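**Student:** Here the numbering used here is used: the first residue of the sequence shown is 134, the next is one more, and so on.
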Amino acid sequence: MTDDAEAGQAGDGGDPLRVAVIIGSTREGRIGDAVGRWFVERARVRGELDLVVLDLAEFDFPVHYPERATEQMTEFAGAIGKAEAFVVVTPEYNRSFPASLKQAIDFAYDEWQTKPVGFVSYGHGSSGLY
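1) Tell me, please, which residues DSSP counts as bridged to Asp183.
2) Comparing C-alpha positions only, which one of Phe230, Ala241, Gly147 sits nearest to Met206?
3) Secondary structure at Gly251, three-state DSSP: helix, strand or coil?
4) Decide if the stretch 226 to 240 is in contact with the stretch 172 to 183; the criterion is three or more beta carbon pairs, one per stretch, under 8 Å apart.
5) Excluding sequence positions up to five away, which residues of its chain have a Cβ less than 6 Å from the Cβ of Ser233?
6) Out of Lys235, Val185, Phe252, which has the shortest C-alpha to C-alpha gap to Tyr198?
7) Considering only the beta carbon of each residue, do Thr203 and Tyr255 sit closer than 9 Å?
8) Count the other CB atoms, across all protein chains shown, that sit within 10 Å of the CB of Phe252; report buried if there are 16 or more and exposed otherwise.
9) Where Pro249 and Leu184 are concerned, what is the direct C-alpha to C-alpha distance, given to the nearest angstrom?
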């Protein structure tokens, strides 16, 4: 077992905490990328965070879940595996989250386990924003 004082904790001058910021909306005309940038700009002030943005609109995920993972699925799962924590930026669509985010969550499995997650959610009335 590693002694926490020797290993260094985020914020004490040790290695920065690797945080994946996942932008969950892929709709045309969305504001998710702007909300994600807003969050990242504020979070970057904290030197103990190493932020990487995973914008789901930049991944070419298949419509149907294939028998074997595609290169894009493997790339996404690998990025999730490298992260130590997550922040999910997601709109509210009809009192839920978008299918694109659910799909991405399903592409990784073990990579999510035992890691903390935070949420930045936005919406406008019951219809939500993109």
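Glycine included, every Cβ here is placed at the ideal spot set by N, Cα and C. Since the model is a prediction, treat every value here as computed from it, not as a measurement.
**Tutor:** Let me lay it out:
1) By 1-based counting over the sequence shown, the position of residue 183 is 50. According to the DSSP secondary-structure assignment, Asp183 is paired through a beta bridge with Arg151.
2) What you label residue 206 is simply residue 73 of the sequence shown in a count that begins at 1. Residue nearest to Met206 within the set Phe230, Ala241, Gly147 is Ala241 (criterion: CA-CA distance).
3) In the sequence shown, counting from the first residue as 1, residue 251 sits at position 118. Strand.
4) Contact check between the stretch 226 to 240 and the stretch 172 to 183: fewer than three CB pairs, one atom from each, fall below 8 Å, which does not count as touching.
5) Here residue 233 refers to the residue found at position 100 when the sequence shown is read from its first residue. Hits under 6 Å: Thr159, Leu189.
6) As a position in the sequence shown, residue 198 is number 65, starting the count at 1. Measuring from the Cα of Tyr198, the nearest candidate turns out to be Lys235.
7) For the purposes of this step, residue 203 is identified with residue 70 of the sequence shown, where counting begins at 1. For the purposes of this step, residue 255 is identified with residue 122 of the sequence shown, where counting begins at 1. Their beta carbons are not under 9 Å apart, which means Thr203 does not touch Tyr255 by this criterion.
8) Against the sequence shown, residue 252 aligns to sequence position 119. With fewer than 16 other Cβ atoms from the protein chains shown falling within 10 Å of its own Cβ, Phe252 counts as exposed.
9) Here residue 249 refers to the residue found at position 116 of the sequence shown. Here residue 184 refers to the residue found at position 51 of the sequence shown. Take the alpha-carbon of Pro249 and the one of Leu184: they are about 14 Å apart.
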